[in-house]
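Chemist: Below you will find the structure I want to go over with you.
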Amino acid sequence: MTSPGVDETVPGRLLYRGAEADVVLGDWQGLPAVFKVRKPLTYRLAAIDREIRRQRTAHEAEMIRHAKRAGVATPFLYHLDLQTSTIVMEYVGGKMLRDLAGQMTANDAEEPFFKFGEGVARLHAAGMMHGDLTTANLVSREGTLVFLDFGLAHRTSRLEDHAVDLRLIKETLVGAHPGIAKAALDALFRGYEAVAGTPKSRRVRSQLRNIERRGRYARVT
Ligand SMILES: Nc1ncnc2c1ncn2[C@@H]1O[C@H](COP(=O)(O)OP(=O)(O)O)[C@@H](O)[C@H]1O
Ligand SMILES: [Mg+2]
Numbered sequence: 305m306t307s308p309g310v311d312e313t314v315p316g317r318l319l320y321r322g323a324e325a326d327v328v329l330g331d332w333q334g335l336p337a338v339f340k341v342r343k344p345l346t347y348r349l350a351a352i353d354r355e356i357r358r359q360r361t362a363h364e365a366e367m368i369r370h371a372k373r374a375g376v377a378t379p380f381l382y383h384l385d386l387q388t389s390t391i392v393m394e395y396v397g398g399k400m401l402r403d404l405a406g407q408m409t410a411n412d413a414e415e416p417f418f419k420f421g422e423g424v425a426r427l428h429a430a431g432m433m434h435g436d437l438t439t440a441n442l443v444s445r446e447g448t449l450v451f452l453d454f455g456l457a458h459r460t461s462r463l464e465d466h467a468v469d470l471r472l473i474k475e476t477l478v479g480a481h482p483g484i485a486k487a488a489l490d491a492l493f494r495g496y497e498a499v500a501g502t503p504k505s506r507r508v509r510s511q512l513r514n515i516e517r518r519g520r521y522a523r524v525t
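For the sequence shown, counting from 1, position 219 maps to 523 in the numbering used here; every step adds exactly one.
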């Protein structure tokens, strides 16, 4: 008998094909489930490749658990299969924040982006950064904002790392959703402050400005 994830191919509908992983919508014990399968990369030596995929899969699952413990909405983990570097998790049906943001007015941005800020602050307070906070990695479901894709997350309490998380959000918003960027960022920072408190919020925003200043100098030279 094969268990899901043990085959190299998981039966189901391919949701997404990434550079490292395929994301397949399938079934786990009767529940709609997502299989995130890290694929073999042939340019790496097979044994090393297997080990890297195994470690990244285990790490991502651990980061999802850590975020959930911190009170952030994430998919439930159903199963972890390190043999095939597969994470089986709850399918979060809902709308990608990226798609929602594309149709939002500045007013609509308030609620989801306030929640976005609260979630980021909870991750940071728990001593981690997400590492890939683009609007494609958040799904809004029945008023809850669910954080996906902890592939680049790691444990860190450094102010700089936390500011880097905010920097990516800002870049994404300004680049992809300029019409609502200001309103969305205002709401996001208010949500962040509501959870992190004013002193931490001020420090991380000041660090964000430092990063932006460094970025400008870097571009000039
Ligand atoms: N648990 C899930 N529920 C619903 N959709 C998901 C889930 N996990 C991933 N997806 C979808 O698959 C896409 C890619 O998954 P992600 O974990 O972000 O992979 P990658 O690390 O390659 O970016 C997401 O942007 C999202 O649309
Ligand atoms: Mg992603």
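Glycine included, each C-beta is placed from N, C-alpha and C at the ideal position.
Here the structure is a predicted model, which is why all the values come from computation and not from measurement.
1) Please report the distance separating the alpha-carbon of Ser-389 from that of Tyr-395.
2) Using a threshold of 8 angstroms, state whether the C-beta atoms of Phe-451 and Leu-442 are closer than that.
3) My assumption, with CB atoms under 8 angstroms, is that His-428 sits in contact with His-481. Please give the rounded CB distance.
4) Does Ser-444 pass the burial test, meaning 16 or more other C-beta atoms within 10 Å, or should it be called exposed?
5) Return the chain-ordered list of same chain residues with a C-beta closer than 8 angstroms to the C-beta of Leu-512, the five sequence neighbours on each side being excluded.
6) Does the pairing of the stretch 362-371 with the stretch 407-417 give three or more beta-carbon distances under 8 angstroms?
7) Measuring from the CB of Tyr-320, is there a heavy atom of ligand 1 at a distance below 7 angstroms?
8) Tell me whether His-466 sits in a helix, a strand or coil according to DSSP, three-state version.
9) Report yes if the C-beta distance between Leu-449 and Gly-423 is below 8 angstroms; otherwise report no.
10) How should Val-341 be labelled, buried or exposed, when 16 other C-beta atoms within 10 angstroms of its C-beta is the threshold for buried?
Modeler: Short version:
1) 18 angstroms
2) yes
3) Incorrect: roughly 23 angstroms between the Cβ atoms, too far for contact.
4) buried
5) Ala-467, Leu-470, Arg-471 and Lys-474
6) no
7) yes
8) helix
9) yes
10) buried
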